[in-house]
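To keep things clear, I will list the structure first and then write my remarks on it.
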């Protein structure tokens, strides 16, 4: 059977055959069934209630966004923006409030509001920069020595006190060496230096008695020698420069049933964004109350560059969202896996970004054609790869990942998958009134 698209005036409301069933001529033209006069279809208009072959835009829809393992920079930013509208369906539970006659659209019972509930989580390890401040080099001076006017060499017969003008050094410790050995500390003098000015400075360092401290050598101040402490030893503690380290710690971020009404932009919580991140994985579910989407944008940004997928409702067909894409990160197509029934049945002629109902005609092979002709009709491929048919796609899955052992430009991967529908015949009792292929084609 040759695959063919059919256009029908019922396209914008899903495939509810109720109206066409009242006109056998229209039914015959639309479904390619040869009826010359009214038959079972026109005699049984209730058959139309059974003939829903695809989704209505009043139906809920799930959009799943998955993240694979990635080692990425601090400024990774993934957002999804969805613009949607409330939708009027043509049936509702009867309530005590009266509807406006012949204007069901004004009765709130018929209104399916647009809102999105989000839940999910992401986990991994993320880096934090920890800076240790510089510790400067420190010199500590000790073994104090000082001088007093009343402690000199008069009457001692000593002639070795020229460096201090004839005044004997008062030693506060028993440290030897430095030509101070001849000047032993005296018990009555050990506290004599406590009231002297303390200057922890190299200028007051006087390790060798016969080589004056610089401060004393340079000073012209009267009594300078008797006002200050001098030092015979020093201790040097080496400093350390300022250091910054990248330290990783575990993170887990989650959201539970966060509700958004109307238009919104949602940033997926992939860590705090302080530094590099090693993402173990993430899985988020966006549950749409209806599928009356006017536009949707998925943006992946890193290091000031963004890869953007934008879907907008087609001008001539509100059931289709047409894709435009901007390239900046060198994102490549993620390989298929067996969770995709098209991949499991080897339907893909090549690996592409867009899979399932988002696959373009050129992405599917003869195995797909043989299957829909000989086994079960499935959703048709898109004329343009990546476009989304809202009524013939069950749910959407976006997967963002990274090729193993790669980073930077060209390392990220992406796939967009639409869950396909399969179609069966329309039966009245045991009688087939429309084939599975006709039901599928009527959705388009």
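In this note's numbering, the protein residues as written are 34 to 477.
Backbone N, C-alpha and C fix where the C-beta goes; we use that ideal spot for every residue, glycine too.
Contact annotation: residue 158 and residue 311 have beta-carbon atoms nearer than 7 Å. Taking 8 Å as the upper bound for CB-CB distance, residue 375 and residue 389 are in contact here, some 6 Å apart.
Here residue 408 is exposed: its Cβ has fewer than 16 other Cβ atoms, across all protein chains shown, within 10 Å. DSSP places residue 109 outside both helix and strand once states are collapsed to three, so it counts as coil. Using a C-beta cut-off of 8 Å, the stretch 319-334 makes no contact with the stretch 155-170, since fewer than three inter-stretch Cβ pairs fall below that distance.
For residue 475, the uninterrupted alpha helix (DSSP H) run begins and ends at 469-475, by DSSP. CA-to-CA, the gap between residue 98 and residue 446 works out to about 13 Å.
Bounds of the beta strand (DSSP E) holding residue 338 are 338-347.
Taking 7 Å as the cut-off, the Cβ atoms of residue 216 and residue 239 do not count as close.
In the three-state reduction of the DSSP assignment, residue 247 falls in the helix class, which pools H, G and I. Around residue 163, the same chain offers 278, 280 as residues with beta carbons nearer than 6 Å, after the five sequence neighbours per side are excluded.
With respect to the C-alpha of residue 472, the residue from 146, 424, 457 having the closest C-alpha is 457. C-alpha of residue 100 to C-alpha of residue 419: approximately 19 Å in a straight line. For residue 257, the secondary structure class from DSSP, reduced to helix, strand or coil, is helix. For residue 209, the closest C-alpha among the options 442, 187, 182, 177 is that of 177. Only residues of its own chain outside the window of five on either side were considered, and among them 379, 380, 381, 382 have a CB closer than 8 Å to the CB of residue 398, listed in chain order. In the structure shown, the three-state DSSP call for residue 396 is helix.
Residue 453 is bridged by DSSP to 426.
With fewer than 16 other Cβ atoms from the protein chains shown falling within 10 Å of its own Cβ, residue 124 counts as exposed. A direct Cα-Cα distance of roughly 15 Å separates residue 361 from residue 435. Shown here for residue 377: same chain residues with a beta carbon closer than 6 Å to its own, the five before and five after excluded, namely 371 in chain order.
Contact check for residue 211 against residue 265 passes: the beta carbons are separated by less than 7 Å. Between residue 142 and residue 126 the beta-carbon gap is near 7 Å, inside 8 Å, which marks them as a contact. The Cβ atoms of residue 363 and residue 450 lie no closer than 7 Å to each other. If only complete runs of 3 or more residues are kept, the stretch 317-392 shows the beta strand (DSSP E) at 326-335, 338-347, 350-359, 387-389, in order along the chain. Between residue 172 and residue 314, the alpha-carbon positions lie close to 52 Å from each other.
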